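Everything below concerns the one structure shown next.
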Amino acid sequence: MDRAAIIGVGTTKIEKSKVGETFADMAWEAVNKALSDAGMTIDDIDNVVTTSSDFWDGRTISCMAVGDASGAAHKNVSCVEGDGTYGAFYGMTRSLSGSYKTTLVTGHSKGSQSVSSLITNSSFDPIYERALGMDMVTACAMQARSYMHRTKTTPEQLAGVSVKNHGNALKNPLAQLPMKITIKDVLESEMIADPLHKLDCSPVSDGCAAVIIAHESVAANFKQKPVWIKGVSFCADSFFFGDRDLSRAKALTEAAKKAYEMAGIKDPKKEIDVVELYDAFTYQELMWLEEMGLADDAMAGKLLEKGEFNMDGRLPVNASGGLLSGHPVIAAGLYSMAAVVRQIRGDAGGFQVKKAKTGLVHGVNGLGGQSHCVFILDKDK
Amino acid sequence: MTQTENIIIESGDAVQPFSYSVGMHGSKFFTELRDNRRFMAVKCPKCKKVYIPPRGVCGECFVEMKDWVEVGPQGVIGTFTILRFAFIDPETGAQKPVPYGYGFIKFDGADTLFQHYISVEDETKIKIGARVEPVFSKDRKGTIRDIEYFKVID
Ligand SMILES: [Zn+2]
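Protein chains in written order, with numbering that gives the first Met the number 0: chain A, 0 to 380; chain B, 0 to 153.
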């Protein structure tokens, strides 16, 4: 099979409210940063994929509003509604299609412009679920309880994820919430939905990210050393929350397994050097690590306490600060991807980890991990 | 040059009214709930899994489901949360009084979980595995609110 590589990344600073910017303003900044990072001009881009959500953007065909600022004029532009990793998957397939060589993928959202709980409520079934007020936080609190019940993971271990990731964000100038906090601070923060405290939850955020994905035949023609996509897969679970075993994420296990196979990874615990994953809530980091086979079942909390997932630990997880330190929905997966690309290139700055040959990027679509996307990126082709 | 003020335009009170068809499965479910206070589920002819809420297709098997079975009305708590932050009620736009319980109920005879409110009168009784039963509304209209909440009966 032909190969594709990521040859440029650009991200805006993640902020609580970019009140002075439209969606297009954010896209303009991220796209130009990615072009400059790649050493390309817009004329070097063959086609564009934008990623957004109509509900979050408060309008239909939300993707079209960022077309001009994303350099889509006179080009084939297509849209993905979902996490940025899904946009990147589609972008990759376009670069491999034979019709295009380079694809610019963007993802944007502004959580600041709406009432988050009403937007996430609207993703639930309107006949049986929505009227009761089910939303992202409620759903994930129930999933957290289910996971903690099965694995005996403690509130202190959950809090440890928040302490680590907010601490990591101190080294990332683009993060929204760099904070030096303690486990006590997390446990004493306001209880939002048992067992989730305020500091177990990611914030409402604004931001836009862009990545450029190239076919192998042109990947080395520009400024950056290509970061190769070695494996990728996504997999979805049932639509109804109640159909799933909420303490598990079988769709993620399946997606990770396929991505490892494609990348030729036999022992992910040993072969993956750095991970950026979807930590909208603290428990998710631990749960996803186990479900991807990067920690033994029900052990992630204990390994976290030992410092294994610290920036200088055995397997650094969310060295950028993760989504707990800034969560522009939709764009999230592209931020994670940009962070891993920077790690592998060795230019992650303050949050650079020691060894970063092979990295894993994880994105989630739907609430509580309804669908998961896993990318394996590598320095070598 | 002076700094330009950042202007915001509000959407106002505009709403987008919508009529959702609930289909033949939902229609039977809500009719039985309203008229007979019964919970109707469907069973997959292939894997035998009993689904509530009922729907037309077993996603695992990709086969149509037509076999109705009554489940509950009692069950156990599958998982739950107690909301302590006042979210906005999507039906009314008002802030919901807190705390309130929200949970997934595993009805006796069902294989999937059904979500609803759980009474938090005695928080110590709310546990995964606790037995619950529904409290129905007096004035039932054929919606999910025909159940007021579930309460622990242990
Ligand atoms: Zn079946």
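Idealized CB from N, CA, C, for every residue including glycine.
On a predicted model such as this, the values are computed, not experimentally measured, just so you know.
Item: Stretch-stretch touch, CB-based, cutoff 8 Å, three pairs: the region 0–17 of chain A with the region 40–49 of chain A; Value: no
Item: Within chain A, the residues that Ile117/B reaches when beta carbons sit closer than 9 Å; Value: None at all; the shortest Cβ gap to chain A is about 11 Å.
Item: His73/A, buried or exposed, once every other Cβ within 10 Å from all chains shown has been counted against 16; Value: exposed
Item: Segment limits, beta strand (DSSP E) that includes Ala3/A; Value: Ala3 to Thr10
Item: Cβ-Cβ distance between Ala331/A and Gly362/A below 9 Å; Value: yes
Item: Cα-Cα separation between Glu304/A and Cys57/B, rounded to whole angstroms; Value: 41 Å
Item: Thr80/B and Thr137/A closer than 9 Å at C-beta; Value: yes
Item: Members of the region 182–195 of chain A near chain B, C-beta cut-off 9 Å; Value: Glu189, Met190, Ile191, Ala192, Asp193, Pro194 and Leu195
Item: Beta carbon of Trp67/B nearer than 9 Å to that of Ala85/B; Value: no
Item: Against chain A: residues of the region 83–102 of chain B by CB proximity under 8 Å; Value: Arg83, Phe84, Phe86, Ile87, Asp88, Pro89, Glu90, Lys95, Tyr101 and Gly102
Item: Partner residues on chain E for Phe79/B, Cβ-Cβ distance less than 7 Å; Value: Given the protein chain composition of this structure (A and B), no chain E is represented.
Item: Cβ of Phe113/B within 9 Å of any chain A Cβ; Value: yes
Item: Under 8 Å (Cβ pairs) to chain B, residues found in the region 107–123 of chain A; Value: Val114, Ser116, Leu117, Asn120 and Ser121
Item: Under 7 Å (Cβ pairs) to chain A, residues found in the region 8–24 of chain B; Value: Ser10, Tyr19 and Val21
Item: Assigned secondary structure, Ser69/A (DSSP; H/G/I helix, E/B strand, else coil); Value: helix
Item: Through-space distance from Trp27/A to Val65/A, alpha-carbon basis; Value: 8 Å
Item: Unbroken beta strand (DSSP E) run spanning His148/A, endpoints; Value: Element bounds for His148/A: not the beta strand (DSSP E) but the alpha helix (DSSP H), Met135 to Thr150.
Item: Any non-hydrogen atom of ligand 3 within 8 Å of Val14/B CB; Value: Ligand 3 is not among the ligands present in this structure, which contains only ligand 1.
Item: Three-state secondary structure (DSSP) of Pro133/B; Value: strand
Item: Ligand 1 heavy atom lying under 8 Å from the CB of Glu59/B; Value: yes
Item: Members of the region 126–141 of chain A that neighbour chain B once the beta carbon cut-off is set at 8 Å; Value: Ile126, Tyr127, Glu128, Arg129, Ala130, Leu131, Gly132, Met133, Asp134, Val136, Thr137, Ala140 and Met141
Item: Continuous alpha helix (DSSP H) assignments of at least 4 residues falling wholly in the region 235–308 of chain A; Value: 249–262, 267–270, 281–290 and 299–304
Item: Among Asn75/A, Ser52/A, Ala158/A and Met141/A, the one whose alpha carbon lies nearest that of Ile76/B; Value: Met141/A
Item: Within chain A, the residues that Gly58/B reaches when beta carbons sit closer than 7 Å; Value: Ser237
Item: Residues that Gly57/A contacts on chain B, provided the C-beta gap is smaller than 7 Å; Value: Ser10
Item: Thr357/A, buried or exposed, once every other Cβ within 10 Å from all chains shown has been counted against 16; Value: buried
Item: Residues of its chain near Ala254/A, where Cβ-Cβ distance is below 6 Å and the 5 sequence neighbours each way are ignored; Value: Ser232, Phe233, Cys234, His371 and Val373
Item: Endpoints, beta strand (DSSP E) assigned at Met25/A; Value: Premise fails: Met25/A lies in the alpha helix (DSSP H), Phe22 to Ala37, not in any beta strand (DSSP E).
Item: Cβ contact check for the region 276–291 of chain A and the region 242–256 of chain A: 3 or more pairs under 8 Å; Value: yes
Item: Residue from Ala130/A, Gly97/A and Thr49/A whose Cα sits closest to the Cα of Tyr85/A; Value: Thr49/A
Item: Proximal residues, the region 238–262 of chain A versus chain B, C-beta separation under 9 Å; Value: Phe238, Phe239, Phe240, Gly241, Asp242, Arg243, Leu245 and Ser246
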